Each structure stands twice: as C-alpha cells, then as structure tokens.
Amino acid sequence: MQDQEPFAKLMEESNIFLDRSALSPHFTPDTLLYRDKQINSIVKALTPSLKGDKGRNLFLYGAPGTGKTSCIKYVIDKVKVLPLVKSKISYMGCKIYNSRYKVLNKIMSDHMPTYAKRGYGITDIYEKLISWIDQDSKILIVVLDEIDMVKDLDDLIYTLTRSNSDVKSGGITTVGISNNVSFKEVLDPRSLSTLYETELAFPPYNSTELSDIIRQRAKKALKEGAIDIAAINYAAAIAAKENGDARLALKMLTKAGENAEDGGKSKIEISDIKEAAKSIESDIAYDLVAMLPEHQKLLLYAISLLSIQGGKYKKLSEEVNGTFLLSGEVYEKYASIASSLKKESKSSRWYRKYVSDLEMQGLIEMMNSGKGIRGQTKLIRLRYPAEKIKATIEQSLFNDSEQPSDQGQG
DNA sequence: CCTCCACAGGAAGCGCAGGAGT
DNA sequence: ACTCCTGCGCTTCCTGTGGAGG
Numbered sequence: 004m005q006d007q008e009p010f011a012k013l014m015e016e017s018n019i020f021l022d023r024s025a026l027s028p029h030f031t032p033d034t035l036l037y038r039d040k041q042i043n044s045i046v047k048a049l050t051p052s053l054k055g056d057k058g059r060n061l062f063l064y065g066a067p068g069t070g071k072t073s074c075i076k077y078v079i080d081k082v083k084v085l086p087l088v089k090s091k092i093s094y095m096g097c098k099i100y101n102s103r104y105k106v107l108n109k110i111m112s113d114h115m116p117t118y119a120k121r122g123y124g125i126t127d128i129y130e131k132l133i134s135w136i137d138q139d140s141k142i143l144i145v146v147l148d149e150i151d152m153v154k155d156l157d158d159l160i161y162t163l164t165r166s167n168s169d170v171k172s173g174g175i176t177t178v179g180i181s182n183n184v185s186f187k188e189v190l191d192p193r194s195l196s197t198l199y200e201t202e203l204a205f206p207p208y209n210s211t212e213l214s215d216i217i218r219q220r221a222k223k224a225l226k227e228g229a230i231d232i233a234a235i236n237y238a239a240a241i242a243a244k245e246n247g248d249a250r251l252a253l254k255m256l257t258k259a260g261e262n263a264e265d266g267g268k269s270k271i272e273i274s275d276i277k278e279a280a281k282s283i284e285s286d287i288a289y290d291l292v293a294m295l296p297e298h299q300k301l302l303l304y305a306i307s308l309l310s311i312q313g314g315k316y317k318k319l320s321e322e323v324n325g326t327f328l329l330s331g332e333v334y335e336k337y338a339s340i341a342s343s344l345k346k347e348s349k350s351s352r353w354y355r356k357y358v359s360d361l362e363m364q365g366l367i368e369m370m371n372s373g374k375g376i377r378g379q380t381k382l383i384r385l386r387y388p389a390e391k392i393k394a395t396i397e398q399s400l401f402n403d404s405e406q407p408s409d410q411g412q413g
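Heads up: the first sequence begins at 4 in this note's numbering, then just goes up one per residue.
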C-alpha cells in the first residue's frame, strides 16, 4: 500500500499505545508498588530535615531497575509541593557530576543561579555554600545518584560532613544511591560510616510483583484489551529471571507493543514478547559493541573472525559445542588485524585486560584451559552470533571505507 | 621427578591531558 | 596565563600456575 502521505501512518492513531511515556524509565507513577517499606524509610530518615532538624544520611542500594531512583524521586516530588521554608533539595546523577568540584557547583547553580558557575576555587564555593546555609539555618538534602561514579568520593563525603560542623545552624543531609555494592570496599572507613548511617536495600522484584507493575503501567500506556494477563505474566517471568529488573520489563513491553503494531495487530501476544525479549538482549549487546573503544573492537573482531573460521583447538570445541579459542591465537589474530590497518597493536598484557573487560561486559565467555592443553591459558568464546558481531564492528569501525586485508589464514 | 610451556595477572613506572591552585 | 598535580592508558618487568613432555 503506497500512500501519498508518508506521515499519515505516523499521525494515525495507534491501535496499541495510548500513552507510551508511561512505559519510560523516567516516568514516575502515582503509586509505587511494593516499595512502601522503602518509601517509609526514606521519609523517616528525611523528615527531621523537613522540619528543620538535620536528618540522617541515607544510602540506597540494589540491582538496576529495582526502583531506587524512582522511590527517591517520588519522595522528592511529594516533598516539593509541601510549603517548605527551610529545606532545599539537590538531585544529581553522578555520571555527569562525578567530582567534588562538580557536585558543589551543581548545588550552587541549583540554589543560587546568580552565583557564577566557574572561575571560583573549591574553597570559595564551599564558603559561599556554608554562609548560604547559615543565613536562615537551611537544611540541604543532596541526592547523589550513582554515587560510585564520583572519583574523589572520600573528599566529597568529608567536605559534606565537615560542612555540618562549620555551619552554626542548619546542615546537609546526604542521600547516596548505588547499584554497585562492592564499591564500599574502596571507601575510607570514616566516609563509609558517614554515608551508611541508614542503609536501605532494594531487593529485586519477583515475577508476581513485576506482573503487577507491568499491569499498572500497561493500564496507562496501552489501549484497553491490547494485552492480556498471560502475556503480562510471561514478560514478568522473563524479567524476573533477569535480576528482577523492572526497567527491562517495561522496555520489553514497549518493544512487544511495537512488534504487534508493525504486524498490524491490535493485541500484544506472547510471541511478540518472546521476540522483544530476544531483540532487547541482542540490542544491548550490539549497542555495547558499537560503543567499544577502537582496540577492543579490533579484538572482538579478531574473535568473531576466528569463531567463523574455527579455532585451533577443535577437540574441545566439539565437546562443548561452540567455538572456543585459545588466548594466544586470539592475540596473534588481533595483532595481525591491527597491523593490516596500520595501527600499532597493544601489548599482550593490555590485551589480557581488554579480554577480561569484554568478559565483564558479557560479550564473551572464558574458561581455564584445564587438561588437554599445554601450559595455563584461557579459552575464549563469543556469546553472540559471530556473523552479526562481525557485521556490527565492520559497520562502526571501517565505515565502508577500509577493510582489513587479512581474511584467511591465522 | 624436574623442566618447559604458555600463558595469567600484580607492581612499578612513564607520558599525557585536563583540572586545580597560584 | 602559568605551573603543579592527579588520574588514565599503557608498557615493561616480573612472579605464579597447571599441565605436557621427557
């Protein structure tokens, strides 16, 4: 069907979606399901600050998509509409505000937009902040999302704590959020005890909970009858397996909706969800690949080429049914690809770090050589289809201009 | 048994960029 | 505007390790 109006189809009302934004991770619903306990704890920890006394520092942790950010935003939203005189709130994602300097600057620009943004040293900003708090004994709540991204976290925590003894009245309450539990091992014990005054865990959602969450959002986002309970439960079960990530569940629902719509259907079926689940996993993988640094791409390219050609070590590959490659041959291949592109290859030590980075990103899988192989080495296997990885890298790396001459032979 | 292989991964150090202090 | 400092990516050097081979 060719229509003269190519936009007509887009303008046309969707027969699946009502309001897609309700599925976005930034959307905060009216009620947050299964997080009453956490919300209450947050409120309890912060209420003294809202009344003008210093609250307790808070630390929220849990896997991605367990509602940490949503809960704190939810509480902030409720707090914002209260007639507050003294409490001020600064929320920031530490991926961007990743140093003491940047955090303090953000606080200043949040509450004193007239104060110049740059050109002041850290002590200037600090003193200005102290006197601002002192003015009418304000209570400042600083929410640091993804707090583990802050480089000089010890310094930052120290500065924030220190401020509480430097002001005559009022103070600062810190709320830290992280999905990385192990980062506290690198913290100074003093900042640790400060930051962890009140800990709050966000457990992963189980499939029943996820099912309710999906249903709640679907009611807003989708047209009536666009999905049935069986499909919702199916999506919930998949997301529950994937660490109970609600964000993933909603993304899956969005994608499934698109699939159904593309197929001209007016109802999301289980097959759409299945398809969505598959494509989301590989979407994430291919996005990751495209964003990799150059030499990691070259390395992954070497791995995908060898996977297609078949590695040296056939015996094991047959046993485990999948192509396992020897670390040594992968390095050789990588080096030859690099040199054919007139790039200097990195040292083998650095290569080993690259490989373990790729493993941590879940793109490859490694195991120790064990018996059958001389010496101690690692066996490497791609976790995604080699052809597709190869194509993705070619697209992003060579950009149809140059191709590596090294196609055969290892 | 010892030796060699084929690596793994820690430690130290180096050049660089960018941010902080002056 | 300038130097100083620090983190980062990387190399060089090194010690450790599990199995093969004689």
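For every residue, glycine included, the Cβ atom is placed at its ideal position computed from N, Cα and C. What you are looking at is a predicted structure, and each value in this text was computed from that prediction instead of being measured.
Check: Evaluate Asp139 with the Cβ neighbour count: other Cβ atoms within 10 Å of its Cβ, from every protein chain shown; 16 or more gives buried, anything less gives exposed.; Outcome: exposed
Check: At 4 residues or longer, what runs of the alpha helix (DSSP H) sit wholly inside the region 67 to 146?; Outcome: 71 to 83, 103 to 114, 125 to 138
Check: Measure the C-alpha to C-alpha separation of Asn423 and Leu21 and round it to an integer number of angstroms.; Outcome: Since the displayed the chain opens at 4 and closes at 413, residue 423 lies outside it and no answer follows.
Check: Contact check, Ile136 vs Met111 under 8 Å by CB: the rounded distance?; Outcome: With a Cβ gap of about 12 Å, Ile136 and Met111 do not count as contacting.
Check: First and last residue of the beta strand (DSSP E) that includes Lys57?; Outcome: Run containing Lys57: none; DSSP gives neither H nor E here.
Check: When we look at the beta-carbon of Asn209 and count the other beta-carbons within 10 Å, is it buried (16 or more) or exposed?; Outcome: exposed
Check: Who are the Cβ neighbours of Tyr77 in its own chain at under 7 Å, not counting the five residues just before and after it?; Outcome: Thr31, Leu35, Ile42
Check: Would you mind reading off the limits of the beta strand (DSSP E) that contains Ser350?; Outcome: Element bounds for Ser350: n/a, residue is neither H nor E.
Check: Suppose you measure from the CA of Ser351 to the CA of Ser372; what does that come to, to the nearest Å?; Outcome: 18 Å
Check: Put Val178 into one of helix, strand or coil per three-state DSSP.; Outcome: strand
Check: Spell out a yes or no on whether the region 291 to 301 and the region 42 to 59 are touching, meaning 3 or more CB-CB pairs, one atom from each, closer than 8 Å.; Outcome: no
Check: Let me know the secondary structure DSSP gives Tyr37 once reduced to three states.; Outcome: coil
Check: Along the chain, where does the beta strand (DSSP E) containing Thr380 start, and where does it finish?; Outcome: Note, Thr380: premise wrong, no beta strand (DSSP E); not H, not E.
Check: Looking at the structure shown, is Glu278 part of a helix, part of a strand, or coil, going by DSSP?; Outcome: helix
Check: Count the other CB atoms within 10 Å of the CB of Thr69; is the residue buried (16 or more) or exposed (fewer)?; Outcome: buried
Check: Do you know offhand how far Asp169's Cα is from Thr162's?; Outcome: 10 Å
Check: Mark Arg1 as exposed unless 16 or more other C-beta atoms lie within 10 angstroms of its C-beta, in which case mark it buried.; Outcome: Since the first and last residues shown for the chain are 4 and 413, residue 1 lies out of range.
Check: Could you pull out every residue in the same chain whose Cβ sits closer than 6 Å to the Cβ of Ala341, ignoring the five residues on either side in sequence?; Outcome: Leu301, Ser348
Check: Please return the same chain residues whose Cβ sits closer than 6 Å to the Cβ of Ala394, not counting the five positions on each side in sequence.; Outcome: none
Check: Hey, which unbroken runs of the alpha helix (DSSP H) at 4 residues or more fall wholly within the region 238 to 266?; Outcome: 249 to 265
Check: For the beta strand (DSSP E) containing Ile367, name the first residue and the last one.; Outcome: 367 to 371
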